Structures are given as structure tokens and as C-alpha cells.
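A.B. asks: Here it is, the structure, as C-alpha cells.
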Amino acid sequence: MLVIAINEVEFCGIQRPKQPITLGFTYQDLPYYLEPSPWVKETTAKDHFRARLEKPHTVGERCLLVEGSEGFRLAIHEPDLQFIPYAEALAHLCNHMQVSGTLKIGTHRWGLRSFGNSFVGSDAVTWLASYLHISRPEAIALGQTCIDQGLFNHVLGEQPFADEYYFYRFSQAGDPEKRAITLA
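Every number in the working numbering is 306 more than the matching position in the sequence shown, counting from 1.
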């Protein structure tokens with residue numbers, strides 16, 4: 307049973323057949339995705355690992371346990387997983403955030419100022435945590451990565467990404483078709 311620390315992996319995008327692009331990681335040049343379950347204690351994670359080994363979902367799949375600050379999760383490699391570069395996966399993720407209809411994007415007010423076409427940081431953290439099955443601290447770190455990549459920004463350019471009532475806007479670069487030129 308292989309257990310690796312989350313900081314030992316290289317994040318990327320992955321795509322399973324007939325599924326949207328989501329985030330995963332590579333380990334020893336193989337793409338993996340995290341099972342959509344919460345972080346659990348080591349003994350529970352080992353039980354999940356053993357059960358998956360006894361009844362794999364696909365031929366040729368591999369499992370490993372990932373240790374993070376919140377506990378352990380099962381990671382799966384399937385032979386038909388498609389690797390997607392991390393920057394491209396983030397752009398697709400931000401595009402999905404915009405078009406999913408579940409993140410409220412609109413005019414937000416703070417005092418006497420209005421900020422059109424914006425969203426609230428805490429709402430984005432909730433969306434990311436729910437969609438990717440990650441913790442809120444992980445969602446905050448991912449949101450900051452999106453800011454660092456220029457996918458969205460604080461409306462005044464003054465705040466890092468936070469789980470707060472701060473307003474952010476997607477940039478034009480958030481559209482995967484518009485980012486394709488800069489990714490090459």
C-alpha cells in the first residue's frame with residue numbers, strides 16, 4: 307500500500323471518458339484523480355484502499371493513498387484517464403464556474419459602490435470545495451492559484467483570494483478559447 311504526501315505530487319487536469327475536465331495529479335508520470343469523498347482517518351482510508359483493490363472498477367486501475375493536512379484520501383489511476391496541462395485545466399474550471407449557474411455572478415454592492423459581473427470569494431470557495439470535493443483551505447489555495455494565473459482578480463486588485471465577502475471578476479483570459487493562444 308503506497309501512501310504519498312500531497313506535496314509529493316504534481317497537479318494537473320484529468321479527463322475521464324464522458325466526464326468534464328477536473329483536477330488531478332500525476333505521480334510517477336501517471337495521472338490520478340482523488341475519489342470524491344472527504345478526507346478521512348488513516349485506518350478508514352486503508353479500508354477504502356483494500357476494498358478498491360478487491361473490487362476494482364476498471365481493468366488496469368491503480369490505487370494509492372494521499373496524505374494531506376485534513377487526513378487521507380484514495381487516489382485512482384485508470385488507463386483511459388487523459389492528462390490535461392494544469393493551466394488548461396484551471397482555465398476550463400473557471401469557465402465551468404462561470405457557466406454552471408451555481409456561482410452567483412452579478413452586481414454586488416459595498417457601501418456606495420457597485421461592482422458588476424462579480425462574484426463573492428466565500429461563494430467561490432463553497433463552489434470549488436463542493437465541485438472538486440476538497441477542503442475550504444484547499445479551495446482558497448486553488449482560488450489564489452487562479453488569481454496568480456490571471457483567470458480572475460479582486461475587483462479593485464487589492465486582495466488575495468479569501469473566504470470572505472470580497473468581490474472578484476473573471477478575466478477575459480478565463481475563457482479557454484482565449485487562453486489557448488497564451489498556453490502554447
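Ideal placement from N, C-alpha and C gives every residue a C-beta, glycine not left out. Since the model is a prediction, treat every value here as computed from it, not as a measurement.
Which two residues bound the contiguous beta strand (DSSP E) that contains Tyr-339?
C.D. replies: Here the beta strand (DSSP E) through Tyr-339 covers 336-340.
A.B. asks: For Gly-330, which of helix, strand or coil comes out of DSSP?
C.D. replies: Looking at Gly-330 - three-state DSSP - the assignment turns out to be strand.
A.B. asks: Skipping 5 residues on each side, what residues in its chain have a beta carbon closer than 6 Å to that of Thr-332?
C.D. replies: Within the same chain, Thr-332 has close Cβ partners Glu-316, Cys-318.
A.B. asks: Mind listing, in chain order, the continuous beta strand (DSSP E) runs of no fewer than 3 residues lying wholly within the stretch 403-487?
C.D. replies: Entirely contained in the stretch 403-487, the beta strand (DSSP E) runs reaching 3 residues are, in chain order, 412-416, 419-426, 458-460, 473-476.
A.B. asks: Mapping DSSP to helix, strand and coil, what is Arg-272?
C.D. replies: As displayed, the chain neither begins before 307 nor continues past 490, which places residue 272 out of reach and without an answer.
A.B. asks: Helix, strand or coil: how does DSSP classify Leu-370 here?
C.D. replies: Three-state result, Leu-370: strand.
A.B. asks: Opposite Ala-311 in the DSSP bridges: which residues?
C.D. replies: Answer by DSSP bridge pairing, in chain order: Glu-373.
A.B. asks: On the DSSP letters alone, give me the boundaries of the beta strand (DSSP E) that Glu-348 sits inside.
C.D. replies: Glu-348 -> not in any beta strand (DSSP E); alpha helix (DSSP H) instead, spanning 348-360.
A.B. asks: Can you give me the C-alpha to C-alpha distance between Lys-324 and Leu-387, rounded to a whole angstrom?
C.D. replies: Each residue's Cα considered, the two are about 11 Å apart.
A.B. asks: Let me confirm a value: Tyr-471 is counted as buried when at least 16 other C-beta atoms fall within 10 Å, else exposed. Which label applies?
C.D. replies: Flag for Tyr-471 reads exposed.
A.B. asks: Can you tell me the Cα-Cα spacing of Ser-343 and Ala-395, whole angstroms?
C.D. replies: The straight-line gap from Cα to Cα measures roughly 21 Å.
A.B. asks: Suppose you measure from the CA of Gly-412 to the CA of Arg-322; what does that come to, to the nearest Å?
C.D. replies: Distance between the alpha carbons of Gly-412 and Arg-322: 32 Å.
A.B. asks: Among Leu-370, Ser-428, Gly-456, whose alpha-carbon lies nearest the alpha-carbon of Gln-334?
C.D. replies: When each option's Cα is compared against that of Gln-334, the closest is Leu-370.
A.B. asks: Go ahead and pull the three-state DSSP assignment for Phe-389.
C.D. replies: In this structure, Phe-389 counts as strand in the three-state DSSP scheme.
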